[in-house]
Each structure stands twice: as structure tokens, then as C-alpha cells.
Amino acid sequence: MTAREKVAKAIELFNCSREFIGREIRKSHPNVSDERLKLLVALRMYGTDKKTRELIEDLLNNVPC
Numbered sequence: 285m286t287a288r289e290k291v292a293k294a295i296e297l298f299n300c301s302r303e304f305i306g307r308e309i310r311k312s313h314p315n316v317s318d319e320r321l322k323l324l325v326a327l328r329m330y331g332t333d334k335k336t337r338e339l340i341e342d343l344l345n346n347v348p349c
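Sequential numbering from 285 applies to the sequence shown in the working numbering.
What follows is the structure, given as C-alpha cells:
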């Protein structure tokens, strides 16, 4: 597998993971806006980092449900 193919596969897997997390969040929050869903997915993916969590939570405070 070439480097380009490896990167393409990694991007494909990343997108698949992000979509899966989005579907899981939609199950418990069916009426969430697309913008808020994007941030909730990011929070789940990157929320273990304190600064990143703070930034995402700050953004979530300014996005309607």
C-alpha cells in the first residue's frame, strides 16, 4: 500500500468513526442541531484534553440546542 493509499484509508476510517459517534449521539438527542452535533462529536473525540474540552464547551455554550 502506498503512502497516499494509507492516508486515504486513515481519512476514511476517521470519517467512519465520526459518523458512528454522531449516530450514537443522535439516538440520545434526536432533536439536536447539526452544528451542535458536530461539537458534541468533537467533544467525545477530543474531550480528554483539558484545553480542547474547554474550547469545545465554550463553543457549545454559544450554540442553540
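Built from N, CA and C at the ideal position, the CB exists for glycine as well.
Is residue i close to chain B? Criterion is C-beta to C-beta, closer than 7 Å.
i    : result
E338 : Looking for chain B here will not work: only one protein chain is present.
Between the options, which has its C-alpha nearest residue i's C-alpha?
i    : options                   : result
I305 : V325, L339 and K293       : V325
R320 : T286, L343, K290 and A287 : L343
K322 : N299, T332 and I295       : N299
Helix, strand or coil for residue i? Go by DSSP, reduced to three states.
i    : result
T336 : helix
N345 : helix
Under the rule that 16 or more other beta-carbon atoms within 10 Å means buried, what is residue i, buried or exposed?
i    : result
L327 : buried
I295 : exposed
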